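Residue numbers (my numbering): 38 to 140. Using N, Cα and C, we set each Cβ at its ideal position, and we do this for glycine too. Remember, predicted model here, so these are calculated numbers, not experimental data. In what follows, a single structure is set out as C-alpha coordinates and then discussed.
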(Lines of atoms letter the chains of each structure in order from A; the text may use other names.)
(Lines give C-alpha, C1' and ligand atoms only; values in the text may rest on other atoms or scores of the structure.)
Protein backbone atom coordinates (compact mmCIF):
# COMPACT_ATOMS: atom_id res chain seq x y z
CA UNK A 38 0.00 0.00 0.00
CA UNK A 39 2.85 2.39 0.77
CA UNK A 40 4.31 1.93 -2.70
CA UNK A 41 0.91 2.63 -4.26
CA UNK A 42 0.48 5.77 -2.15
CA UNK A 43 3.89 7.04 -3.27
CA UNK A 44 2.94 6.66 -6.93
CA UNK A 45 -0.47 8.27 -6.30
CA UNK A 46 1.20 11.27 -4.67
CA UNK A 47 3.71 11.48 -7.52
CA UNK A 48 0.90 11.41 -10.07
CA UNK A 49 -0.44 14.74 -8.82
CA UNK A 50 2.76 16.65 -9.51
CA UNK A 51 4.98 14.79 -11.96
CA UNK A 52 5.17 14.51 -15.73
CA UNK A 53 2.75 11.83 -17.05
CA UNK A 54 5.61 9.86 -18.62
CA UNK A 55 7.43 9.70 -15.28
CA UNK A 56 4.22 8.71 -13.48
CA UNK A 57 3.58 5.95 -16.03
CA UNK A 58 7.12 4.64 -15.56
CA UNK A 59 6.79 4.67 -11.75
CA UNK A 60 3.37 3.00 -11.89
CA UNK A 61 4.71 0.25 -14.14
CA UNK A 62 7.68 -0.34 -11.88
CA UNK A 63 5.43 -0.46 -8.79
CA UNK A 64 3.08 -2.89 -10.54
CA UNK A 65 6.02 -5.17 -11.28
CA UNK A 66 7.06 -5.18 -7.63
CA UNK A 67 3.51 -5.83 -6.46
CA UNK A 68 3.12 -8.75 -8.88
CA UNK A 69 6.43 -10.15 -7.63
CA UNK A 70 5.21 -9.89 -4.02
CA UNK A 71 1.98 -11.69 -4.91
CA UNK A 72 3.82 -14.49 -6.71
CA UNK A 73 6.34 -14.88 -3.91
CA UNK A 74 3.59 -14.97 -1.30
CA UNK A 75 1.78 -17.73 -3.16
CA UNK A 76 4.88 -19.74 -4.09
CA UNK A 77 5.40 -21.43 -0.75
CA UNK A 78 8.98 -20.14 -0.55
CA UNK A 79 8.16 -17.92 2.43
CA UNK A 80 7.69 -19.14 6.02
CA UNK A 81 4.15 -17.73 6.07
CA UNK A 82 1.94 -17.99 2.99
CA UNK A 83 0.14 -14.95 1.66
CA UNK A 84 -3.51 -15.18 2.64
CA UNK A 85 -6.48 -14.22 0.52
CA UNK A 86 -6.85 -10.91 2.38
CA UNK A 87 -3.27 -9.91 1.61
CA UNK A 88 -3.68 -10.99 -1.99
CA UNK A 89 -6.84 -8.89 -2.33
CA UNK A 90 -4.96 -5.85 -1.01
CA UNK A 91 -2.22 -6.38 -3.57
CA UNK A 92 -4.79 -6.68 -6.38
CA UNK A 93 -6.44 -3.46 -5.19
CA UNK A 94 -3.07 -1.75 -5.44
CA UNK A 95 -2.68 -3.05 -9.00
CA UNK A 96 -6.16 -1.85 -9.95
CA UNK A 97 -5.41 1.58 -8.53
CA UNK A 98 -2.08 1.86 -10.35
CA UNK A 99 -3.70 0.81 -13.62
CA UNK A 100 -6.25 3.64 -13.37
CA UNK A 101 -4.42 6.70 -12.00
CA UNK A 102 -6.90 8.98 -13.75
CA UNK A 103 -9.79 7.81 -11.54
CA UNK A 104 -10.53 10.73 -9.21
CA UNK A 105 -12.45 8.60 -6.70
CA UNK A 106 -9.57 6.17 -6.29
CA UNK A 107 -7.10 9.03 -5.95
CA UNK A 108 -9.28 10.58 -3.24
CA UNK A 109 -9.45 7.30 -1.32
CA UNK A 110 -5.70 6.63 -1.53
CA UNK A 111 -4.69 10.22 -0.93
CA UNK A 112 -7.11 12.02 1.36
CA UNK A 113 -9.22 9.31 2.97
CA UNK A 114 -6.25 7.15 4.01
CA UNK A 115 -4.55 10.15 5.59
CA UNK A 116 -7.72 11.19 7.45
CA UNK A 117 -8.29 7.62 8.64
CA UNK A 118 -4.74 7.35 9.94
CA UNK A 119 -5.02 10.71 11.73
CA UNK A 120 -8.24 9.58 13.43
CA UNK A 121 -6.53 6.34 14.49
CA UNK A 122 -3.63 8.28 16.02
CA UNK A 123 -6.00 10.56 17.94
CA UNK A 124 -7.87 7.54 19.32
CA UNK A 125 -4.62 5.82 20.36
CA UNK A 126 -3.41 8.99 22.08
CA UNK A 127 -6.73 9.31 23.88
CA UNK A 128 -6.56 5.68 25.03
CA UNK A 129 -2.96 6.12 26.22
CA UNK A 130 -3.91 9.27 28.16
CA UNK A 131 -6.83 7.45 29.78
CA UNK A 132 -4.56 4.55 30.74
CA UNK A 133 -1.98 6.93 32.24
CA UNK A 134 -4.69 8.74 34.20
CA UNK A 135 -6.07 5.46 35.54
CA UNK A 136 -2.57 4.32 36.44
CA UNK A 137 -1.75 7.54 38.31
CA UNK A 138 -5.05 7.36 40.23
CA UNK A 139 -4.35 3.77 41.22
CA UNK A 140 -0.80 4.50 42.42
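Ranking 49, 89, 44, 82 by CA distance to the CA of residue 58 puts 44 first.
Per DSSP, reduced to three states, the secondary structure at residue 83 is coil, with no helix or strand assignment. Distance between residue 97 and residue 138, taken at the CA atoms: about 49 Å. Counted as a single uninterrupted DSSP element, the alpha helix (DSSP H) harbouring residue 57 occupies residues 53-76. The C-alpha of residue 68 lies about 20 Å from the C-alpha of residue 55.
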